[in-house]
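Q:
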Amino acid sequence: MTRLARITPGQREGTAVRPTSDRPRTALCAALLGGALALAGCGNEGPEPEEAAAPSSSVLLPSGPGEDTERVDPEDYEGVQGLSDEWNDVDAEFMTMMIAHHAQALEMTALVPARAESEQLKTFAERMHLAQKGEIGYMADWLEARDQPVPQEAREVAEGEIPSPDTHSHGETPMPGMLSQEEMTALRQTEGEEFDRLFLEGMIVHHEGALEMSEGAQAHGIDLAVQELAGHVHSDQTAEISRLEQLLDEL
């Protein structure tokens with residue numbers, strides 16, 4: 001696949017660039033909502049959903065990582081202060097590399113229905129699969145809107161395919177948490193409880209790598225949409241690690 005060169009520490013402080021086109025930040029909400037609706041369709045019937053609360057009349061201002069959000073009255077809102085449509089190489093690298101990272105997770109979760117023994121694992125893996133598939137589409141849109149190369153994995157996912165392992169191989173410097181070819185081969189060749197154990201151990205490591213990548217984007221990126229996605233990935237996968245560890249303990 002075509003990918004951006006690894007960014008050195010000196011480059012992280014470089015001049016920001018401005019895109020030729022942009023997508024509304026609500027695209028992230030739409031992508032995540034799409035995954036949530038798909039999950040709802042896969043679950044058992046439950047109680048009727050509660051009526052949604054009326055939207056607030058105040059405006060919620062975005063904030064940086066670790067900072068509290070602020071609400072202002074609509075008439076006092078003057079746009080996001082200190083933020084713009086600018087982005088830098090760190091933002092683009094994160095979106096590009098996280099597509100490949102998510103692609104391996106899709107390859108892993110696609111093995112679960114036929115090989116796992118735990119029904120709880122099957123349900124949880126389906127949730128992860130749908131969520132990360134939606135995020136791949138969002139990241140591909142972000143890159144395309146800024147005239148950046150879109151990784152082959154995203155094109156495969158858009159066509160309903162499971163990404164090939166050949167497309168997310170990154171040579172001598174693999175991304176944090178990526179399973180080796182040997183580990184993936186072992187996963188493909190096992191089933192039952194042994195598969196469950198290998199999957200859970202591998203996905204925990206994989207998620208921990210995503211946390212590291214998200215923290216780097218939050219620390220050095222400048223694009224608001226990337227900051228929001230990195231924060232979402234970090235919070236979601238932190239919670240998922242806890243659930244994966246619980247399932248592992250129950251084997």
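The numbering of the sequence shown is my numbering, which starts it at 1 and goes up by one. Using N, Cα and C, we set each Cβ at its ideal position, and we do this for glycine too. All of these numbers come straight from a predicted model, not from anything done at the bench.
From this set, E126, E153, M175, A158, which residue's C-alpha is nearest P165's C-alpha?
A: The residue labelled residue 165 in the question sits at position 165 within the sequence shown. With distances taken between Cα atoms, P165 lies closest to E153.
Q: Any idea if A131 is buried or exposed, counting beta-carbon neighbours within 10 angstroms, 16 or more meaning buried?
A: Mapped onto the sequence shown, residue 131 falls at position 131. With 16 or more Cβ atoms within 10 Å of its Cβ, A131 is classed as buried.
Q: Leaving out five residues on either side along the sequence, give the residues of the same chain with a beta carbon under 7 Å from the beta carbon of H102.
A: Numbered from its first residue, the sequence shown carries residue 102 at position 102. Around H102: Q132, E135, I136.
Q: According to DSSP, A116 sits in a beta bridge with which residue or residues?
A: Locating residue 116 in the sequence shown gives position 116, counting from the first residue. Bridge partners of A116: G192.
Q: Measuring only the C-alpha atoms, how far is R23 from L224?
A: Along the sequence shown, one-based indexing puts residue 23 at 23. Along the sequence shown, one-based indexing puts residue 224 at 224. In this predicted model, R23 has a pLDDT of only 47, less than 50, meaning its place in the structure is not dependable; the value taken from the coordinates is given anyway. If you take the alpha carbons of R23 and L224, they lie about 12 Å apart.
Q: Measuring straight from C-alpha to C-alpha, what distance separates H206 and P176?
A: Locating residue 206 in the sequence shown gives position 206, where the first residue counts as 1. Locating residue 176 in the sequence shown gives position 176, where the first residue counts as 1. Those two C-alpha atoms are separated by around 7 Å.
Q: Of the residues G160, R155, A210, which one's Cα is nearest the Cα of M178?
A: Working through the sequence shown from its first residue, we reach residue 178 at position 178. Among G160, R155, A210, the Cα nearest to that of M178 belongs to A210.
Q: Restricting to Cα atoms, I'd like to know which of E208, D91, A239, L187 is closest to A110.
A: As a working note, residue 110 is residue 110 in the sequence shown. Nearest option by C-alpha distance: L187.
Q: So, with DSSP's three-state summary, where would you put P149?
A: As a first step, residue 149 must be located in the sequence shown, where it is residue number 149. DSSP places P149 in coil when its eight states are reduced to three.
Q: Just to confirm before moving on: does the CB-CB distance between L247 and R197 stay below 7 Å?
A: On the sequence shown, residue 247 is found 247 positions in, with the first residue counted as 1. On the sequence shown, residue 197 is found 197 positions in, with the first residue counted as 1. Against a cut-off of 7 Å, the Cβ pair of R197 and L247 comes out as no contact.
Q: Closest to M213 by C-alpha separation, out of R155, A92, R243, would be which residue?
A: For this step, residue 213 is matched to residue 213 along the sequence shown. Per the Cα distances, A92.
Q: Which residue marks the beginning of the alpha helix (DSSP H) containing D249, and which one marks its end?
A: The residue labelled residue 249 in the question sits at position 249 within the sequence shown. That run of the alpha helix (DSSP H) goes 224-249.
Q: For R127 and H234, what's the separation of their Cα atoms in angstroms?
A: The residue you call residue 127 lines up with position 127 of the sequence shown. The residue you call residue 234 lines up with position 234 of the sequence shown. Each residue's Cα considered, the two are about 16 Å apart.
Q: Within the same chain, show all residues whose beta-carbon is closer than 6 Å to that of V112, passing over the 5 residues directly before and after it, in chain order.
A: Reading the sequence shown from its first residue, position 112 is the one you call residue 112. Excluding residues within five positions, the ones whose Cβ falls inside 6 Å are K122, A125.
Q: Determine the DSSP secondary structure at I204, reduced to helix, strand or coil.
A: Here residue 204 refers to the residue found at position 204 when the sequence shown is read from its first residue. Note: I204 maps to helix in three-state DSSP.
Q: Just mark E182 as buried or exposed, buried being the case when its beta carbon has 16 or more other beta carbons within 10 Å.
A: For this step, residue 182 is matched to residue 182 along the sequence shown. When all chains shown are included, E182 counts as exposed.
Q: Less than 6 Å between C-beta atoms, sequence neighbours within five positions excluded: which residues of the same chain meet that for E144?
A: On the sequence shown, position 144 is the one that residue 144 refers to. Excluding sequence neighbours, E144 sits near V150.
Q: Of all the options E194, T190, E201, A158, which has the alpha carbon lying nearest to the alpha carbon of R243?
A: For the purposes of this step, residue 243 is taken as the residue at position 243 of the sequence shown. Ranking the options by Cα distance to R243, first place goes to E201.
Q: Since M184 and M139 should fall inside the 8 Å C-beta cutoff, what is the C-beta to C-beta distance between them, to a whole number of angstroms?
A: Taking the first residue of the sequence shown as position 1, residue 184 is located at position 184. Taking the first residue of the sequence shown as position 1, residue 139 is located at position 139. The Cβ separation is near 22 Å, so there is no contact.
Q: Kindly indicate if chain D contains any beta-carbon less than 7 Å away from that of H129.
A: Among the protein chains of the structure shown there is no chain D, as only one such chain exists.
Q: Once the 5 residues before and after G221 are set aside, which same chain residues still bring their CB inside 8 Å of it?
A: On the sequence shown, position 221 is the one that residue 221 refers to. Shown here for G221: same chain residues with a beta carbon closer than 8 Å to its own, the five before and five after excluded, namely W87, N88, V90, D91, F94, Q227, A230 in chain order.
Q: Using the C-alpha atoms, what's the distance from E194 back to A158?
A: Counted from its first residue, the sequence shown places residue 158 at position 158. Counted from its first residue, the sequence shown places residue 194 at position 194. Looking at the two C-alpha atoms, the distance is approximately 32 Å.
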